[in-house]
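Novice:
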Amino acid sequence: MLLLSPTQFEAAFLKGRRFTFHGRAGLRGEGWIWLESGVGKVNIAATLAAFAKGRKLERVLLFGIAGMYPDAGLEMGDAALAGKEIQADLGIRDGGMKGLGFPTLALEGGVYHNRFPLDGAFTAELSKTLGLPIKTFLTRDMVSENPTEARQLSRKWEADLENMEGAAFAQTCLWLGLRGAELRAVSNLAGVRDKAQWRIRQAVERLEHHVLRIIGP
Ligand SMILES: O=C(O)c1cccc(C(=O)CC[C@H]2O[C@@H](n3cnc4c(=O)[nH]cnc43)[C@H](O)[C@@H]2O)c1
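For reference, each letter of the sequence shown is one residue, going 1 to 217 in the UniProt record's numbering.
1. Can you tell me whether Glu-10 is buried or exposed? The criterion is at least 16 other CB atoms within 10 Å of its CB, across all chains shown.
2. Leaving out five residues on either side along the sequence, give the residues of the same chain with a beta carbon under 7 Å from the beta carbon of Ala-181.
3. Quick one: using the 10 Å Cβ neighbour count with 16 as the cut-off for buried, is Val-42 buried or exposed?
4. By Cβ distance below 7 Å, which residues in the same chain neighbour Leu-107 in space, the five residues on each side in sequence not counted?
5. Under 8 Å from any heavy atom of ligand 1, does the C-beta of Arg-140 make it?
6. Could you tell me which whole alpha helix (DSSP H) segments of length 4 or greater appear in the segment 141-177?
7. Going by DSSP, what residues sit across from Tyr-69 in a beta bridge?
8. Applying the criterion that 16 or more other CB atoms from any shown protein chain within 10 Å of the CB defines a buried residue, is Arg-184 buried or exposed?
9. List the residues that DSSP assigns as beta-bridge partners of Thr-139.
10. Let me know the beta strand (DSSP E) ranges lying completely inside the segment 90-115, each 3 residues or longer, listed in chain order.
11. Report yes if the C-beta distance between Glu-165 and Thr-139 is below 9 Å; otherwise report no.
12. Assign Thr-7 to one of three DSSP states: helix, strand, or coil.
13. Please name the residue or residues paired with Thr-47 in a DSSP beta bridge.
14. Given a cut-off of 9 Å on the beta-carbon distance, is the pair Ile-200 and Met-1 in contact?
15. With a Cβ-Cβ cutoff of 9 Å, do Gly-16 and Arg-28 count as a contact?
16. Taking 8 Å as the cut-off, is the beta-carbon of Met-76 closer than that to any non-hydrogen atom of ligand 1?
17. What would DSSP say about Glu-36, mapped onto helix, strand or coil?
18. With distances taken between CB atoms, is the gap from Phe-116 to Ile-86 smaller than 9 Å?
19. Can you round the beta-carbon distance between Glu-158 and Gly-191 to whole angstroms, since I take them to be within the 8 Å contact cut?
20. Whose C-beta lies closer than 7 Å to the C-beta of Leu-90 among residues of the same chain, with five residues either side of it excluded?
21. Would the C-beta of Glu-36 count as close to ligand 1, meaning under 8 Å from any of its heavy atoms?
22. Looking at the unbroken alpha helix (DSSP H) that takes in Val-211, where does it start and where does it end?
23. Are the C-beta of Glu-75 and some C-beta of chain D separated by less than 9 Å?
Here it is in structure tokens:
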């Protein structure tokens, strides 16, 4: 299994043999490889596409921290899996890519505008094994900078958690035919910039708990 996280601190609990990939950190373990992708959509898409080239990857898991929107039904530190990812930056403000008149991705299996599903079977299996809810995640280049902005986005797109990589990951998995899932733990309320109110350590401990169950001892 390939594991990806945007930063090293989100995966600080992983122990393996170190390597670098395009200048970024990597670890090899029993049955898994982990790569640091860097923050943002281009970084995750480029890292995944470059690593997948010439390799047969069975499953890919993106994990990391996330901001929570109001009414997500989660607490700080809680983890969730993405059922679908929303690419909130593409197209026109009211109508996204449909409004612009272009699909973002057209495959034999479907046409996608701003919503990208993660692999249903892989996600359902993880949800059952780990006892985690499946939620709607939203990806943006710019983070929400105040609670009003966060509330408006969550209502517009009916989203639960905010991050900066997931939609690009989901789109790349669909495009490359990879079975992808995404696991996030809540480190902050989206739109709250005061780091004293963040719970990063608590979120990373939840990630540790779940990721170690996925890859085994
Ligand atoms: O300084 C800020 O206001 C600020 C707001 C949100 C996130 C950051 C980060 O530096 C973390 C980016 C990193 O973590 C994920 N993440 C975590 N919380 C959020 C969020 O509320 N909105 C978007 N992304 C978030 C993200 O996927 C990045 O990998 C700083």
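Think of the CB as a built atom: it goes at the ideal place given N, C-alpha and C, for glycine as much as any other residue.
Specialist: In terms of the structure at hand:
1. buried
2. Leu-61, Leu-81, Leu-118, Asp-119, Phe-122, Thr-123, Leu-126
3. exposed
4. Leu-174
5. yes
6. 147-157, 166-176
7. Its beta-bridge partners do not exist; DSSP assigns none.
8. With 16 or more other Cβ atoms within 10 Å, it is buried.
9. Gln-87, Asn-163
10. 105-107, 110-112
11. yes
12. coil
13. Note: Thr-47 is not bridge-paired with any residue in the DSSP secondary-structure output.
14. no
15. A contact, by the Cβ cut-off of 9 Å.
16. Not so, every heavy atom of ligand 1 lies at least 8 Å from the Cβ.
17. In this structure, Glu-36 counts as strand in the three-state DSSP scheme.
18. yes
19. Actually they are not in contact, since the Cβ atoms of Glu-158 and Gly-191 sit about 17 Å apart, beyond 8 Å.
20. Gly-96, Met-97, Thr-104, Asn-114
21. no
22. 200-215
23. Absence of chain D from the displayed structure is noted, only one protein chain being present.
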